[in-house]
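Number of protein chains: 2
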Amino acid sequence: MRHPRKARGPRPGSIERVPGLSYGDLDAHLGYLLRRAQLAGFEAFERATERIDISPARYTALSIVAANPGLSQSDLGAALGTARSGAMMVADWLEARGLAERHRREGDGRAWGLYLTQRGKSFLADVKRRVRDRDRQFAERLSAPEQAQLRNLLYKLVDRP
Amino acid sequence: MRHPRKARGPRPGSIERVPGLSYGDLDAHLGYLLRRAQLAGFEAFERATERIDISPARYTALSIVAANPGLSQSDLGAALGTARSGAMMVADWLEARGLAERHRREGDGRAWGLYLTQRGKSFLADVKRRVRDRDRQFAERLSAPEQAQLRNLLYKLVDRP
DNA sequence: GTGAATTGTTATATAGCATTACAATCCGCG
DNA sequence: CGCGGATTGTAATGCTATATAACAATTCAC
């Protein structure tokens with residue numbers, strides 16, 4: 001069933017400013033600006049994956065499993081920043097869609113290793129291409145040097161010890 | 001009751017990288033970098049409001065009501081990017097804590113106007129100070145010009161038509 | 001005036017998590 | 001060895017934030 005959107009106001013979850021409204025001192029907080037930018041990024045992701053059954057978190061999981069074949073579910077949870085139970089749900093989802101498989105790990109009877117299937121690999125390649133294209137479009141408001149600068153600043157802000 | 005944290009791995013919701021893990025092409029996506037930066041911002045907010053009953057969304061609501069006295073709940077919802085029902089819950093929360101009041105609006109028997117109480121104003125001032133201090137600390141990895149640059153780039157990325 | 005739209009409200013559902021508990025398994029150390 | 005503690009996957013449960021839908025009261029457009 002389709003749920004036609006109300007005519008007035010942005011749709012829920014949108015990041016658009018409300019014209020004529022004051023935002024007080026919010027823009028003074030770096031965290032607020034980052035939050036708005038991140039939501040805009042989510043919207044770009046949504047548009048990139050319009051008819052595809054995926055979410056940012058699951059896409060992250062898919063990418064990480066691809067880059068680390070045999071990853072345990074505990075480590076996947078750590079990588080995603082969620083509890084083990086959350087990683088389990090993602091792993092179930094990957095397996096149910098035929099994108100990944102669990103194989104017993106040699107030398108450890110507790111842990112399973114996660115491996116992408118062929119289907120998972122081509123699915124990831126497809127989604128990656130779409131997301132990249134949208135990303136480019138999303139970042140288009142900045143010049144190429146500005147984009148590089150933004151990436152560097154974000155990286156420096158978060159990933160520097 | 002206190003829930004002591006497990007010794008191993010970052011706590012759920014954390015943004016720390018897992019050493020020795022490959023993140024594949026994720027860092028090529030601007031959206032992923034923004035997401036990580038935003039989560040780091042949330043962590044800074046949490047630390048800033050450790051013993052205070054507030055959340056980023058509620059802080060945003062508080063700020064917006066402060067900057068727009070008499071705001072309707074519909075408009076608050078639009079500003080927060082949530083449905084009306086969500087704005088209602090925030091308004092209920094504000095009222096229950098004595099931070100805001102609803103007053104009938106002249107000329108419109110349907111809408112209520114939201115107004116901060118004196119208590120709400122000083123509460124906001126207190127939280128704002130704490131968040132600002134933490135924000136400064138959070139942004140410390142960047143030099144002052146870099147911080148200004150980051151703000152400009154984020155603003156340009158999201159708020160430019 | 002009359003029908004459509006808006007507002008606040010309530011009830012309900014859902015997604016995404018965390019938390020807890022448990023069995024199986026591994027590890028360190030006497 | 002053997003034993004206690006840690007780790008792994010898993011299932012059960014619950015919480016929080018949010019959307020969706022429905023409703024009455026009210027306003028608005030024509």
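In the order they appear, the protein sequences are chains A and B.
Under my numbering, the residues of the first sequence are numbered 1 to 161, in order.
Under my numbering, the residues of the second sequence are numbered 1 to 161, in order.
Where a beta carbon is used, it is the ideal one built from N, C-alpha and C, also for glycine.
Only those residues of the segment 101 to 124 of chain B whose C-beta falls short of 8 Å from the nearest C-beta of chain A would be listed, and there are none.
When the alpha-carbon of E101/A is set against those of V90/A, E16/A and V18/A, the nearest one is in V90/A. Chain order gives the chain B residues near T60/A as L26 and Y32, where near means a beta carbon separation below 8 Å. One alpha carbon belongs to V131/A, the other to K156/A, and they sit about 23 Å apart. Note that the C-beta distance between L30/A and G41/B is below 8 Å.
At a beta-carbon threshold of 7 Å, the residues of chain A lying near D135/B are H29, L30 and G31, ordered along the chain. Taking a Cβ-Cβ threshold of 9 Å, none of the residues of chain B is close to P145/A; the smallest such distance is about 11 Å.
Between K121/B and A66/B, the gap from beta carbon to beta carbon is short of 8 Å. By the Cβ rule, the segment 132 to 140 of chain A does not count as touching the segment 72 to 91 of chain A, because fewer than three pairs are nearer than 8 Å. Per the DSSP secondary-structure output, E101/A pairs in a beta bridge with Y115/A.
Shown here for A48/B: same chain residues with a beta carbon closer than 6 Å to its own, the five before and five after excluded, namely R130, V131 and R134 in chain order.
In this structure, DSSP gives G77/B a helical state, which the three-state scheme calls helix. Proximity to S14/B across G81/B, E50/B, R36/B and D25/B peaks at R36/B, based on C-alpha coordinates.
For D108/B, the pairing in a beta bridge is given by DSSP as R105/B. Counting along the chain, no alpha helix (DSSP H) covers I54/B, and no H or E run does either. By the criterion of a C-beta distance shorter than 6 Å, A44/A is surrounded in its chain by R134 and F138, once the five residues flanking it on both sides are discounted.
When secondary structure is reduced to three states using DSSP, L21/B falls in the coil class, being assigned neither helix nor strand.
Residue range A144 to D159 is occupied by the alpha helix (DSSP H) that includes P145/A. Within 9 Å of the CB of A96/B, no CB atom of chain A is found; the nearest one sits about 22 Å away. Pairing A78/A with L124/A, the inter-Cα distance amounts to about 21 Å. Bounds of the alpha helix (DSSP H) holding E95/B are R84 to A96.
The C-beta of S85/B has fewer than 16 other C-beta atoms within 10 Å across all chains shown, which makes the residue exposed. The distance from the Cβ of L26/A to that of N68/B is about 12 Å, inconsistent with a contact at the 8 Å cut-off. According to DSSP, residue pairing for L71/B in a beta bridge involves L114/B.
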